[in-house]
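*Asks:* Mapped onto the working numbering, the consecutive letters of the sequence shown carry residue numbers 27 to 388.
In this text, a Cβ means the ideal position worked out from N, Cα and C, and glycines have one as well.
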Amino acid sequence: MGVWVTVPGLLLLYFMTDVLAVAPWIAGFALLLPKVLDVIVHPWFGTVSDRQRAKYGHRRHMMWLGLFLTLALIGMFSVPASLSGVSAALWVGFFYVLGNLLFASFQVPYLTTPSDLNVGYYQRTRVMTYRMVVLTVGLLGAGVMAPALVKSGERGDYTMMAVYLSVVMLVSGTVAITGIKRLGAYMPKEFTGEAHPGFVEGIRTSLADRNFRMLVLSYLFTGTVTHLFMAALPYYSAYVFDRVGLTAVFMAAFLVPALIASPLWLRANKRGLTKQKGLLISQSMFVVGSLALAAGSILGLAATVAIVLMMGVAFAGLQLFAFSMVPDVARAASADGSTAASYTGVWTATEATGTAIGPYVY
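What follows is the structure, encoded as structure tokens:
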């Protein structure tokens, strides 16, 4: 599902402003408003996921529903030729809302699975490393393929891009669900039997957890900055280097190092680098790189690519350390993980908020 994480943040703002002739402030609002719903929907899906786990012993039912996300992606980039401006923004906004709901139904239970496993602190980091590598492959494929498929800027190209990438999403989502089913041997067979505290109390409990609250706040800023960066890439390529085709080059320079760096960050964690320190180091690297990009026209293309490479290494750490701490905190709060998805729901709502604020701020 890395396609949905990447493509809207990378291309949707540019698609709306430069292809559909939507005013920038309307386009930004259309991208921001659906995320407001995510703040409510994701924690609620977390409650539903926890209850399904207690009832069925697994969380896969919601994930199957999430596979319909493919249709939302196609619809979002298949705007009728008769629509432009505000009407086009409404079309895109509708499918963006629908897509976010379907993505949440997959993402919340998927990210909660490590909290369900009867494994230790380091093993959870290892599990998340494998996931982040696979996610980065998806981000890389989508981040490079999507701009390459829409180079001409025609509406039809955006539709075909969505169709191709939807097939990838469908296959990868099915593989993920199958893989989670095989992890059943590492999950507890018995639960406390206590009733789930419910939607509101689940949010209150998770945010009352100081460790989780600080982690969420940190990731809100992280998600905002990283998605601001991705939303800016097409414009940066077009207006700083006068070559919009460089978007694919920059995305490759950003994600290839992330793919390589994830196992290296894991090794550093195994050798004594705590997740907290690793996250702080990654955040510092990303901030420095972001500021350096402001001088891209002076530094030249080669130096700019080198900066983006460094930011890719930082991005791997941002994702790995932040996401691997979520199951640690959630499992500490409930010994059998019975309320873990309530934590994950708040987490993914925060992530969704960051993905919206970043492009809107830009």
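Over what stretch of residues does the alpha helix (DSSP H) that includes Val29 continue unbroken?
*Replies:* Where Val29 is concerned, the enclosing alpha helix (DSSP H) stretches over 28 to 33.
*Asks:* What number of angstroms, rounded off, separates the C-alpha of Ala284 from the C-alpha of Gly146?
*Replies:* 25 Å
*Asks:* Please state the DSSP three-state secondary structure of Ala47.
*Replies:* coil
*Asks:* Round the Cβ separation of His68 and Val134 to the nearest angstrom and send it over; I've been treating them as touching at under 8 Å.
*Replies:* Rounded to the nearest angstrom, the Cβ distance from His68 to Val134 is 6 Å, consistent with a contact under 8 Å.
*Asks:* Could you check how far apart the C-beta atoms of Tyr386 and Gly54 are, in whole angstroms? I think they sit under 8 Å.
*Replies:* 4 Å
*Asks:* Measuring CA to CA, which of Met351, His84, Gly182, Trp70 is closest to Val389?
*Replies:* Nothing about residue 389 can be read from this structure; the chain reaches only from 27 to 388.
*Asks:* In angstroms with no decimal places, state the Cα-to-Cα distance between His87 and Thr374.
*Replies:* Straight-line Cα distance between these residues: approximately 18 Å.
*Asks:* Who are the Cβ neighbours of Tyr245 in its own chain at under 8 Å, not counting the five residues just before and after it?
*Replies:* Ala348, Trp373, Thr376, Glu377, Gly380
*Asks:* Counting Cβ pairs, one atom from each stretch, are 3 or more of them under 8 Å apart for the region 113 to 128 and the region 237 to 255?
*Replies:* no
*Asks:* What's the gap between the Cα of Thr365 and the Cα of Thr73?
*Replies:* Rounded to whole angstroms, Thr365 and Thr73 show a C-alpha spacing of 8 Å.
*Asks:* Can you tell me whether Trp70 sits near the ligand MG, meaning its C-beta is under 7 Å from at least one heavy atom of the ligand?
*Replies:* The model depicted lacks the ligand MG and carries no ligand whatsoever.
*Asks:* Which of the three DSSP states, helix, strand or coil, is assigned to Ala107?
*Replies:* coil
*Asks:* Closest by CA to Thr248, which one among Lys177, Gln345, Arg208?
*Replies:* Of the candidates Lys177, Gln345, Arg208, the residue whose Cα lies closest to the Cα of Thr248 is Gln345.
*Asks:* Since Thr151 and Leu292 should fall inside the 8 Å C-beta cutoff, what is the C-beta to C-beta distance between them, to a whole number of angstroms?
*Replies:* Taking a contact as a CB-CB distance under 8 Å, the pair Thr151 and Leu292 counts as one, their CB atoms being some 6 Å apart.
*Asks:* Output the residue ranges of the alpha helix (DSSP H) runs that lie fully inside the region 37 to 87 and measure 4 residues or longer, sorted by chain position.
*Replies:* DSSP runs (the alpha helix (DSSP H)) wholly in the region 37 to 87: 50 to 82.
*Asks:* State the start and end residues of the unbroken alpha helix (DSSP H) segment that holds Arg269.
*Replies:* Unbroken run through Arg269: none, as it is neither H nor E.
*Asks:* Nearest to Val331 by CA position, among Ser263, Ile307, Ser108, Arg79, is which residue?
*Replies:* Ser263
*Asks:* Consult DSSP for Phe129 and reduce its assignment to one of helix, strand or coil.
*Replies:* helix
*Asks:* Would DSSP call Glu180 helix, strand or coil?
*Replies:* coil
*Asks:* Can you give, in chain order, each stretch of the alpha helix (DSSP H) that sits fully within the region 277 to 345 and has at least 4 residues?
*Replies:* 301 to 318, 322 to 325
*Asks:* Less than 6 Å between C-beta atoms, sequence neighbours within five positions excluded: which residues of the same chain meet that for Ala287?
*Replies:* Here the set comprises Val339, Ala342.
*Asks:* Buried or exposed for Lys303, going by 16 or more other Cβ atoms inside 10 Å?
*Replies:* exposed
*Asks:* Tell me which residues share the same chain as Ser75 and place their Cβ nearer than 7 Å to its Cβ, disregarding the 5 neighbours each side in the sequence.
*Replies:* Arg85, Met88, Val134, Pro135, Thr138, Ala367
*Asks:* Would you report the Cα separation of Gly92 and Ile203, rounded to the nearest angstrom?
*Replies:* 10 Å
*Asks:* Applying the criterion that 16 or more other CB atoms from any shown protein chain within 10 Å of the CB defines a buried residue, is Arg157 buried or exposed?
*Replies:* buried
*Asks:* Do Gly164 and Gly28 have their C-beta atoms within less than 8 Å of each other?
*Replies:* yes
*Asks:* Just how far apart, CA to CA, sit Leu166 and Phe280?
*Replies:* 8 Å
*Asks:* Could you name the residues of the same chain whose beta carbon sits closer than 7 Å to that of Val270, not counting the 5 residues immediately before and after it, in chain order?
*Replies:* Pro260, Ser263, Ala264
*Asks:* Any beta carbon from chain D within less than 8 Å of Ala47's own beta carbon?
*Replies:* Given the protein chain composition of this structure (a single chain), no chain D is represented.
*Asks:* Could you name the residues of the same chain whose beta carbon sits closer than 6 Å to that of Tyr276, not counting the 5 residues immediately before and after it, in chain order?
*Replies:* Strictly speaking, residue 276 in this sequence is Phe, with Tyr absent from that position. So the list reads Leu259, Val334, once near-sequence residues are dropped.
*Asks:* Leaving out five residues on either side along the sequence, give the residues of the same chain with a beta carbon under 8 Å from the beta carbon of Val65.
*Replies:* Ala375, Ala378, Thr379
*Asks:* When the Cα of Ile307 is compared with those of Leu143, Phe41, Met337, which residue comes out closest?
*Replies:* Nearest option by C-alpha distance: Met337.
*Asks:* What are the start and end residues of the alpha helix (DSSP H) that includes Leu97?
*Replies:* Residues 95 to 102.
*Asks:* Given this structure, state the Cα-to-Cα distance separating Ala188 from Val31, to the nearest angstrom.
*Replies:* 13 Å
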